[in-house]
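Under the numbering used here, the residue at position 121 of the sequence shown is numbered 290, and the numbers go up by one with no gaps. We treat Cβ as the ideally placed atom computed from N, Cα and C, and that holds for glycine. Note that the coordinates shown come from a computational prediction; the quantities given were computed from them, not determined experimentally.
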Amino acid sequence: MPLTPIDIQNKEFSRSMRGYSPREVDEFLEHLSKDYETLIKENISTKEQLSQLKDKLSHYHKLEETLHNAIVVAQEAAEEVKRNASREAELIRREAEKDAARNMDEARYKASKILSEHEEVYKQAQIYKMRFRSLVEAQLAALEMEDWYTLNLAQDRDAVKRGA
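As structure tokens, then:
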């Protein structure tokens, strides 16, 4: 059983003739009792501090674990964001390729249509040219006919007679 400061203070020694001076022994015991009490209080205080430090250490270990888990979750989230961004980029690329192919097909169709229209206009121009040439040639042929001159001369004479 451990010794307490009260045990030290209440300690009684048997008296003998040649023993120690009771006054010195009492003073020493009182001094020893105070020092022992101080040590016990310091020991209790140290144990309380140790307990508090253990609690803080436990808290910090939990905090460290929480931070570690948060980092892991953040890394996983970042990886998921990267994967989603890659998928979205791939979808955008495919959609752009589809749009480009659709635009190319549309441009080819328009170019083909314009080419067909151009050929049609060219054909119509050739037909018009041939008709105009035929008309001009017919007019030239009519001018080269001698009847024309006499026909006009006769018409002019008739007009003069009627007017006179």
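Residue i versus residue j: straight-line alpha-carbon distance, rounded
i      : j      : result
Ser190 : Leu226 : 52 Å
Arg277 : Ser255 : 32 Å
Glu233 : Ile240 : 10 Å
Thr173 : Tyr205 : 8 Å
Met186 : Lys203 : 28 Å
Glu306 : Glu313 : 10 Å
Ala270 : Leu260 : 15 Å
Lys180 : Lys210 : 21 Å
Ala246 : Leu222 : 35 Å
Gln293 : Phe301 : 12 Å
Ser285 : Tyr297 : 18 Å
Ala243 : Leu236 : 10 Å
Arg252 : Ala265 : 20 Å
Arg184 : Asp224 : 52 Å
Arg326 : Gln308 : 24 Å
Ile213 : His230 : 25 Å
Lys279 : Asp268 : 16 Å
Glu288 : Gln295 : 10 Å
Pro171 : Arg192 : 25 Å
Gln218 : His228 : 15 Å
Val329 : Leu304 : 31 Å
Bounding residues of the alpha helix (DSSP H) (the contiguous stretch that carries residue i)
i      : result
Phe197 : 191-313
Pro174 : 174-178
Nearest-angstrom beta carbon gap, residue j and residue i [assumed within contact, 8 Å]
i      : j      : result
Leu198 : Ile177 : 6 Å
Selection from the options that minimises the alpha carbon distance to residue i
i      : options                : result
Ile175 : Asp195, Lys330, Glu264 : Asp195
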